[in-house]
Structures are given as structure tokens and as C-alpha cells.
Amino acid sequence: MAGSFSLRIVTPERTVFTGDTESLRAPGSEGSFGVLARHAPMVAALGVGSVEFQSGGDNRSMATSGGFVEVSSEGTTILAETAEFGDEINVERAQASRDRALERLQAAETDRARAQASLSRAINRLSVGAS
């Protein structure tokens, strides 16, 4: 049995989740990584993507966009710029964000990096919101 560990997911606005989890998968800035109970201590940059974890036998996922993950002997903390469970995502608003980002990418005078980041966030929110 792998066991469980404490997980806290917080944003600047609120505490999104606090509880025990059996496993965690997060989108690191250098690629996806997993955490199980008794994981070695670490700090990693969080990228845009879906954080997935098991809690009480249920699989949960949320859209996140940047931040940090800290794993310690006391548990795991995710400090995210944004974090939304699928049922919290306004799909119409996410679609509008995606469409605006695509339009900005087509414009000649645009900050392509910012437009691409906006597009990535919108696609991630749509992916999690649709599940």
C-alpha cells in the first residue's frame, strides 16, 4: 500500500483544496511529474496544465497556470497562480479567451509569447472543464 499524504492547493485568492491524497500528478515547467507518499523533498516550478490527484478513492483534476510545488516530510503544497476544478470553469468564457488569443496570434503586431500563453491557459481550462 502506497499510503497517503497531506495536500494543500492554494492561490492568491483562496485555498482550493486541503486533504489527504494517495497520488498526485502535476505539470512541471520541464514536464509532468508524480508524487506519492514519502516522496523526497523538492520544489518545482508549476506549468500550465492539469493537476490530477486521488482523494478518498476519487480521481480529481483541476486546471492550473503557473506557480510552485513544494514536497516536504509534512506534505505537499501547490502555490498556483490559478487553480480551478472542472465544475468551476465557465466554458463559454474559456472559449472566448481561446478565440481572442487565436485572433491575437494572427495579428502582425502582437506579443506572440503572451498570446501563446493565453491560448495555452484557455485550452487547458477547456480540457479540464469538459471532463
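So that you can map any letter, position 127 of the sequence shown is 129 in the working numbering, and since no number is skipped, the others follow by simple counting. Ideal placement from N, C-alpha and C gives every residue a C-beta, glycine not left out. Just so we're clear, the structure is a prediction, and the values are computed from it rather than from any experiment.
| Asked | Found |
| --- | --- |
| Sequence-distant residues of its chain with Cβ nearer than 6 Å to L121 (five each side left out) | A103 |
| R40, DSSP secondary structure in three states | coil |
| Bridge partners - G21, DSSP secondary structure assignment | L9 |
| Distance between beta carbons of V53 and S67, contact taken as under 8 Å | Not really, about 11 Å apart at Cβ, beyond 8 Å. |
| C-alpha gap between R16 and A124, whole angstroms | 21 Å |
| Sequence-distant residues of the same chain with beta carbon closer than 6 Å to F19, five excluded per side | I11 |
| Contact set for Q118: own chain, Cβ-Cβ below 8 Å, skip 5 residues either direction | A103 and L107 |
| Of the listed residues A98, L48 and M44, nearest to E76 (C-alpha basis) | M44 |
| Continuous beta strand (DSSP E) assignments of at least 3 residues falling wholly in the region 33-78 | 33-38, 44-57 and 60-74 |
| Same chain, Cβ closer than 6 Å to I80, five either side skipped, listed in chain order | I11 and V71 |
| R102 - DSSP class collapsed to helix/strand/coil | helix |
| First through last residue of the beta strand (DSSP E) which encompasses E86 | A85 to F87 |
| Residue burial classification, G58 (beta-carbon count within 10 angstroms, cutoff 16) | exposed |
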